[in-house]
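Participant: In mature numbering (1 follows the signal peptide of the UniProt record, and there is no 0), the protein residues as written are -23 to -1, 1 to 114. There's a structure below that I have some questions on.
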């Protein structure tokens, strides 16, 4: 009985893994926030994705970071297009929940997507009074 259960479990995992990998590959945008003061991931931070439009910014999606400070799939379920985008990290709320002051209530990071078949990763290194970002991989 145990042997049959193990075989069934392995077979189920083998068939599920490709679909999980496929789903992860389909989303072209992820973010990650690390709190530099604590050295830990910044969990439960709201992040919005916006596209530049003629009259401002159009919100495409919003999500919250997980316990590892990540949003693995921020791109909405629509086809990616080239253009100018930004992610807005709601950092003021994050620090307020910890009873800490912050100089930056929001951190907008603008970037350009010129290849829709690539993955774009936007990490944010965060403290109460400063931040750094770069194009990750």
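Using N, Cα and C, we set each Cβ at its ideal position, and we do this for glycine too.
In or out: residue 19 buried (at least 16 other Cβ within 10 Å) or exposed?
Facilitator: Taking the first residue of the chain shown as position 1, residue 19 is located at position 42. Per the 10 Å Cβ criterion, buried.
Participant: For residue 71, count neighbouring C-beta atoms within 10 Å of its own C-beta (all shown protein chains included) and say buried if the count is 16 or more, exposed if not.
Facilitator: Taking the first residue of the chain shown as 1, we reach residue 71 at position 94. Sixteen is the threshold: when 16 or more other Cβ atoms of the shown chains lie within 10 Å of the Cβ of residue 71, as they do, the residue is buried.
Participant: Measuring only the C-alpha atoms, how far is residue 102 from residue 31?
Facilitator: Residue 102 sits at position 125 when you count from the first residue of the chain shown. Residue 31 sits at position 54 when you count from the first residue of the chain shown. Near 31 Å, if we compare the C-alpha coordinates of residue 31 and residue 102.
Participant: On a Cα-Cα basis, can you pick out the residue from 69, 39, 85 that is closest to residue 63?
Facilitator: Indexing the chain shown from 1 puts residue 63 at position 86. Closest by alpha carbon: 85.
Participant: In its own chain, which residues sit with a C-beta less than 7 Å from the C-beta of residue 114, not counting the 5 before and 5 after it?
Facilitator: For the purposes of this step, residue 114 is taken as the residue at position 137 of the chain shown. Closer than 7 Å at the Cβ level, and outside the excluded window around residue 114, lie 98.
Participant: For a test of the three-state rule: what should DSSP assign to residue 106, helix, strand or coil?
Facilitator: Against the chain shown, residue 106 aligns to sequence position 129. Coil at residue 106, not helix or strand.
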